[in-house]
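Chains as they are written, first to last, in my numbering: chain W, 770 to 932; chain C, 770 to 932; chain A, 51 to 462; chain P, 51 to 462.
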Amino acid sequence: MPGLEDLYREIILDHYRNPRNRGELDAPPALRVEGFNPLCGDEVVVYLDVADDGSVNDIKISGQGCSISQSSASMMSSAVKGKSADEARALIRAFKAMMSIHEQRLDGSEEEEPIQAEPDVKLGDLEALQGVVKFPVRIKCATLSWNTLAQGLDEAAEAPDSQ
Amino acid sequence: MPGLEDLYREIILDHYRNPRNRGELDAPPALRVEGFNPLCGDEVVVYLDVADDGSVNDIKISGQGCSISQSSASMMSSAVKGKSADEARALIRAFKAMMSIHEQRLDGSEEEEPIQAEPDVKLGDLEALQGVVKFPVRIKCATLSWNTLAQGLDEAAEAPDSQ
Amino acid sequence: MTDRLDVARIKKDFPILERVTHDHRLVYLDSANSSQKPRAVIEAMEHFTEHSYANIHRAVYEIAEEATAAYEGGREAMRRFINAPSSREVIFTKNATEAINLVAYSWARHNLGEGDAILLTEMEHHANFVPWLVLREEKGVELRFIGLTEDGQLDLTDLDRLIDGASLVAVAGISNVLGTINPVRHLADVAHNAGALLLVDGAQYTPHMPTDVQALGCDFYAWTGHKMLGPSGIGGLWAREELLDAMPAFLTGGEMIRDVRLDGWTPNDLPWKFEAGTPPIVEAVGLRAAVEYLEGIGMDAVREHDVELTGYALRTLTERHGDKITIHGPSEPAARGGVISFAYDNVHPHDLSQVLDQSGVCVRAGHHCAKPLMRRLGVGATARASVYVYNDEADVDALNESLDEADRLFAI
Amino acid sequence: MTDRLDVARIKKDFPILERVTHDHRLVYLDSANSSQKPRAVIEAMEHFTEHSYANIHRAVYEIAEEATAAYEGGREAMRRFINAPSSREVIFTKNATEAINLVAYSWARHNLGEGDAILLTEMEHHANFVPWLVLREEKGVELRFIGLTEDGQLDLTDLDRLIDGASLVAVAGISNVLGTINPVRHLADVAHNAGALLLVDGAQYTPHMPTDVQALGCDFYAWTGHKMLGPSGIGGLWAREELLDAMPAFLTGGEMIRDVRLDGWTPNDLPWKFEAGTPPIVEAVGLRAAVEYLEGIGMDAVREHDVELTGYALRTLTERHGDKITIHGPSEPAARGGVISFAYDNVHPHDLSQVLDQSGVCVRAGHHCAKPLMRRLGVGATARASVYVYNDEADVDALNESLDEADRLFAI
Ligand SMILES: Cc1ncc(COP(=O)(O)O)c(C=O)c1O
Ligand SMILES: Cc1ncc(COP(=O)(O)O)c(C=O)c1O
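Below is the structure:
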């Protein structure tokens with residue numbers, strides 16, 4: 770359908786139909802973090818098994834949402850699994866850099882600096898989500914699981930013993 | 770000044786400059802009733818000395834307001850002083866009948882019946898206030914003291930012993 | 051042609067319907083979210099602003115007098131439209147949400163506490179939900195919920211038990227998700243027999259049904275302007291005068307007072323007692339034009355049109371998409387307003403709405419501010435198409451065609 | 051010609067100024083009550099309604115996206131206009147009154163109680179008075195009042211004693227009666243030193259002064275759209291983010307939630323947490339056009355124009371009417387905004403306003419929603435002329451002439 774091929778790339782539809790790392794982890798010991806998109810009702814639950822050194826031992830995703838939020842969560846889980854905390858955070862920044870300019874435009878606010886791109890980070894499959902920036906309302910769908918992941922990493926860093 | 774001679778008749782300005790029955794009565798035994806026009810800040814205080822049979826032995830007016838509210842109060846006090854409760858009420862009805870149609874139009878509401886004219890009641894000087902109906906916002910100025918009087922008569926009728 | 055309305059003519063009254071979006075004409079099927087505005091409303095507001103704008107109730111000069119009469123004329127139009135006994139009972143707020151909050155803050159906070167109960171339904175919009183959740187947190191009021199039947203109607207089998215000891219029943223006249231028209235008159239009788247009051251959330255009802263608050267038998271009635279062809283920024287509450295008289299003021303400030311001293315204050319008369327500050331003046335003028343536009347069509351005709359067009363949509367959607375489509379809510383068009391929520395195969399509503407938009411078809415996707423109902427239905431979101439006076443069968447046909455395209459795109 | 055503004059050109063931007071009233075051109079001198087609207091505002095609202103109207107934050111189709119961006123664009127314009135650090139801190143309400151009530155209901159009700167004190171001034175508008183009187187009645191908070199000097203300024207001699215133990219200072223940026231520009235920055239420092247917060251009622255300030263909430267040093271700032279060339283039905287609150295974060299929601303319903311369950315709910319992010327229900331969407335679009343119009347003139351130029359025109363008015367009124375006129379408030383034009391309240395001989399303000407109206411001159415008569423100040427001044431009402439960007443010396447001359455006529459009519 771004209772206009773939509775940028776949004777619904779084949780790899781996105783594939784992750785939507787066959788989500789990776791779908792499921793739950795026992796929490797505790799795992800960390801369970803919820804994310805909501807109040808606009809559309811999408812919910813994502815990220816389960817994180819974080820090692821003492823902060824690296825992501827395991828990750829599972831549950832919740833419900835549109836093809837963009839689900840495929841983004843699926844790709845995110847594949848990308849960060851096994852990564853160190855620093856690598857995961859660099860990925861978050863790189864992904865948000867790909868999305869951020871337009872996210873701010875939707876807000877109407879221009880006061881904040883756009884997140885800087887991370888030239889050394891390879892986004893791989895995730896680059897398929899680049900088409901989302903042409904559809905500003907959908908950016909929040911794409912970033913939902915990433916924001917939830919970021920919150921989880923913060924919680925893990927703050928309370929390392931509680932895991 | 771063109772357009773205003775109907776409003777500011779000589780007799781109105783005379784009552785404004787030389788208000789009749791201006792002053793206060795000791796309350797109690799007299800009844801003290803306050804009226805406000807929240808639109809413009811006009812305040813009228815009506816002091817009523819009501820006999821056991823309900824007739825208006827004495828009346829005094831204090832407060833502050835525009836020429837219309839002050840002259841209306843002054844004429845009202847002259848008109849009801851010495852009158853029986855029934856006569857005073859008939860005057861109130863007659864005066865409001867002169868004003869009422871337009872008061873309702875200002876409200877935008879048409880659901881209520883206009884107050885019926887009282888063909889037997891002579892308004893005398895008060896008829897000078899008829900010009901007010903051409904200036905709908907001022908109707909509340911003209912009726913302020915009358916509504917306050919009506920409230921006073923009601924209070925007197927409800928609690929005859931408290932005077 | 052089943053329509054009783056001359057929709058072709060009506061469409062011409064709405065300038066936005068001439069708009070082209072993604073190379074298609076605009077097929078606006080989201081009126082339950084907010085309706086479009088006819089030229090008459092736009093022009094009434096513009097004319098007023100260009101000729102008579104002033105603040106109201108505050109000055110004696112000519113344009114201020116005209117402005118006051120225009121604002122109060124909006125109130126009188128609304129009184130007539132819902133058949134309220136007196137315009138003293140018609141209070142302007144910014145939307146239906148504020149109207150319900152007014153009842154929660156003023157009436158409920160001062161009359162209810164621990165040991166009291168409020169009866170809601172599982173299909174309420176958040177506007178008729180969260181204010182009562184807050185009241186429960188603050189005052190310990192008990193909340194009870196009328197459940198739903200499989201057909202999306204209120205399940206009244208347990209009503210006698212639920213109503214027992216309740217002080218307030220608060221229910222939507224029409225559900226914004228299921229389209230269900232609730233049995234308000236019956237609920238009023240049951241509530242009153244049990245000594246409870248009835249609040250009707252009329253946000254979806256008043257735009258679509260001939261509204262008579264006296265015949266409905268309710269005690270509080272909330273409505274909103276932007277869903278009934280009127281402007282944003284205005285809504286209102288109707289309530290019986292003796293209730294309003296006894297209720298303390300809610301928002302306070304200018305207009306709503308009679309006197310203020312350093313040591314106290316007295317409130318103004320109704321309805322102004324509940325209208326603090328400069329009200330939506332121009333919006334009241336636009337609302338009156340909206341009321342008059344709807345009166346010109348006739349609310350009986352609006353209702354008939356809803357039933358016919360919704361019936362057409364239910365029929366064609368089912369015929370064309372078969373098992374792929376699941377429609378929520380009552381199966382009978384006569385039991386529902388102009389709202390159709392549905393699920394489409396494995397296409398998420400959000401994606402569906404995005405794909406439909408490419409054909410100019412505007413439907414809403416989401417939880418429709420009714421998350422408890424979403425949980426009850428076991429979904430995160432639905433797609434929702436809703437019709438109004440400017441929609442016709444061609445609009446429904448466009449919806450059907452664009453659903454086919456979504457189907458092709460998301461097919462495996 | 052002392053004006054820096056090209057008022058002749060500006061007048062042409064305001065359609066209502068072409069109006070004839072009582073056979074005279076309209077001389078609108080009541081902008082402190084509500085301002086008129088330039089064509090740019092009217093047209094922005096109309097264009098938006100005819101091309102992009104939809105509800106916001108709720109749907110994904112193109113016009114809904116445009117509507118959301120337009121509404122949020124209004125917020126960003128307002129953020130810029132008052133130099134707020136972040137648009138998350140800019141909350142839309144229906145007017146300034148609701149903004150102050152929001153602080154009273156949410157922040158104050160949850161932080162203050164018996165033993166706490168709020169410091170007000172004797173010149174406050176009812177909007178910044180009655181909410182605190184209600185709080186005193188409900189929570190036993192103590193209210194204190196900064197008195198006035200003979201020149202209509204705040205009497206700060208006792209400030210150290212008054213501030214001691216206070217939790218909040220709430221003060222108008224500019225008095226709507228006296229025109230006094232209050233020393234907000236100084237009050238902010240004094241309040242903060244004493245551990246109190248400062249709320250500024252900016253209803254009269256923002257239309258007339260370059261506004262920088264950070265430079266003012268306040269914690270809460272309320273403003274209203276209709277006095278700054280914008281539409282009715284919209285106003286707002288700015289507050290520091292950490293305050294807003296800690297404050298409980300006030301009005302509740304749709305938009306302001308993140309999740310709702312039968313057993314509880316969680317609020318949305320800022321600023322939406324405080325915007326329940328459908329907001330004034332079209333009004334936000336109009337407000338942005340108003341902000342851009344004022345920015346086009348430049349707020350420094352607006353302020354200069356106020357000072358010059360007010361100076362001209364003070365001078366000519368005194369010269370021409372001598373002992374007959376008593377002007378309230380500061381004698382220095384630089385110490386006041388564009389507001390002149392006065393008494394004229396023995397002509398009651400109400401009569402004065404009526405007589406002036408016959409010459410097309412619109413001034414307000416009344417208590418200006420400041421009854422405690424009226425008592426302090428020992429009057430029941432004042433007449434008030436107020437100027438804005440579309441007024442010039444000819445308007446002041448018309449006022450002077452019509453005062454002469456009133457004098458003749460009421461002369462004994
Ligand atoms: C100083 C001041 N504060 C508050 C207000 C209230 O503004 P609004 O009526 O728009 O809420 C006004 C205007 O009437 C005002 O002049
Ligand atoms: C059933 C129902 N109630 C209440 C509301 C709230 O209306 P508003 O957003 O105008 O306050 C809506 C609309 O969103 C609704 O559909």
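Just so it is clear, CB atoms sit at the ideal spot from N, CA and C, and this is done for glycine as well.
| said: Once DSSP output is grouped into helix, strand and coil, what is the label at Glu-927 (chain C)? | reply: helix
| message | Does the CB of Ser-836 (chain C) have a neighbour CB from chain P at under 7 Å? | response | yes
| query | Does the Cβ of His-97 (chain P) lie closer than 6 Å to at least one heavy atom of ligand 2? | reply | no
| task | For Gln-254 (chain P), count neighbouring C-beta atoms within 10 Å of its own C-beta (all shown protein chains included) and say buried if the count is 16 or more, exposed if not. | result | Taking all protein chains shown into account, Gln-254 (chain P) has 16 or more neighbouring C-beta atoms within 10 Å of its C-beta and is therefore buried.
| field | Complete alpha helix (DSSP H) runs within the segment 362-419 of chain P (minimum length 4 residues, chain order) | value | 399-407
| request: Please confirm if the segment 892-900 of chain W is in contact with the segment 776-783 of chain W, defined as three or more CB-CB distances below 8 Å between the two stretches. | output: Flag = yes, the segment 892-900 of chain W and the segment 776-783 of chain W touch.
| field | Short Cβ contact (7 Å threshold) for Asp-251 (chain A) with Ala-272 (chain A) | value | yes
| said: By the three-class DSSP mapping on this structure, what secondary structure does Arg-59 (chain P) have? | reply: Helix.
| Helix, strand or coil at Gln-920 (chain W) according to DSSP, with G and I counted as helix | helix
| Whose Cβ in chain A lies nearer than 8 Å to the Cβ of Pro-260 (chain P)? | Near Pro-260 (chain P) there are no residues of chain A at all, since even the closest Cβ is about 24 Å away, more than 8 Å.
| request: Tell me whether Gly-286 (chain P) sits in a helix, a strand or coil according to DSSP, three-state version. | output: strand
| For ligand 1, any of its heavy atoms closer than 6 Å to the Cβ of Thr-256 (chain P)? | no
| request: Starting from the Cα of Asp-262 (chain P), find the closest Cα among P:Thr-207, P:Ser-102, P:Ile-347 and P:Ala-134 and give me that residue. | output: P:Ala-134
| query | What is the C-beta distance between Ile-390 (chain A) and Ala-435 (chain A), in whole angstroms, given that I count them as a contact (C-beta under 8 Å)? | reply | 5 Å
| query | Would you say His-176 (chain P) reaches chain C, if we count a Cβ-Cβ gap shorter than 7 Å as a contact? | reply | So, not an interface residue.
| message | Distance check for Arg-290 (chain P) and Arg-125 (chain P), CA to CA, integer angstroms please. | response | 16 Å
| Are the C-beta of Phe-805 (chain C) and some C-beta of chain A separated by less than 7 Å? | For Phe-805 (chain C), the nearest CB of chain A lies under 7 Å from its own CB, placing it at the interface with that chain.
| Do Gly-280 (chain P) and Ala-216 (chain P) have their CB atoms nearer than 7 Å? | no
| query | Is there contact here, the segment 802-815 of chain W with the segment 906-918 of chain W, by at least three beta-carbon pairs under 8 Å? | reply | yes
| message | For Val-413 (chain A) and Ile-908 (chain C), what's the separation of their Cα atoms in angstroms? | response | 52 Å
| When the cut-off is 7 Å and only beta carbons count, does Glu-872 (chain C) lie next to chain A? | Its pLDDT being 47, under 50, Glu-872 (chain C) is placed unreliably by the model, and nothing is read from it.
| request: Could you have a look at His-355 (chain P) and say whether DSSP puts it in helix, strand or coil? | output: helix
| Of all residues in the structure, which have a C-beta closer than 5 Å to any heavy atom of ligand 1, taken in chain order? | A:Gly-327, A:Thr-328, P:Asn-145, P:Ala-146, P:Thr-147, P:His-175, P:Ala-177, P:Ala-222, P:Asn-226, P:Asp-251, P:Ala-253, P:Gln-254 and P:Thr-274
| request: Just grab the DSSP bridge partners of Glu-192 (chain A) for me. | output: According to the DSSP secondary-structure assignment, Glu-192 (chain A) is paired through a beta bridge with A:Ala-167.
| task | Look up Arg-874 (chain W) in the DSSP assignment and say whether it is helix, strand or coil. | result | Legend: pLDDT at Arg-874 (chain W) = 46, less than 50; position of this residue unreliable, no value from coordinates given.
| message | According to DSSP, simplified to helix, strand and coil, what is Asn-787 (chain W)? | response | The answer is coil: DSSP assigns Asn-787 (chain W) none of H, G, I, E or B.
| field | Ile-307 (chain A) - partner residues in DSSP beta bridges | value | A:Pro-317
| field | Neighbour-count burial assignment, Val-153 (chain P), 16 or more Cβ in a 10 Å radius | value | buried
| Starting from Tyr-343 (chain P) and walking both ways along the alpha helix (DSSP H), at which residues does that stretch end? | Tyr-343 (chain P) -> alpha helix (DSSP H) spans 331-347.
| request: Taking only beta-carbon positions, decide if Gly-348 (chain A) is within less than 7 Å of chain W. | output: no
| task | Assign Lys-144 (chain P) to one of two classes, buried (16 or more other C-beta atoms within 10 Å of its C-beta) or exposed (fewer than that). | result | Taking all protein chains shown into account, Lys-144 (chain P) has 16 or more neighbouring C-beta atoms within 10 Å of its C-beta and is therefore buried.
| field | Contact belief for Val-219 (chain A) with Leu-237 (chain A) at Cβ below 8 Å, rounded distance in angstroms | value | 6 Å
| message | In whole angstroms, give me the CA-to-CA distance for Leu-67 (chain A) and Arg-59 (chain A). | response | CA-CA distance, Leu-67 (chain A) to Arg-59 (chain A), rounds to 12 Å.
| said: Applying the 10 Å Cβ sphere with the 16-neighbour rule, what's the burial state of Val-70 (chain P)? | reply: exposed
| Out of A:Ala-385, A:Val-397, A:Asp-356 and A:Gly-388, which has the shortest C-alpha to C-alpha gap to Trp-376 (chain A)? | The amino acid occupying residue 376 (chain A) in the given sequence is Thr; Trp does not appear at that position. Per the Cα distances, A:Val-397.
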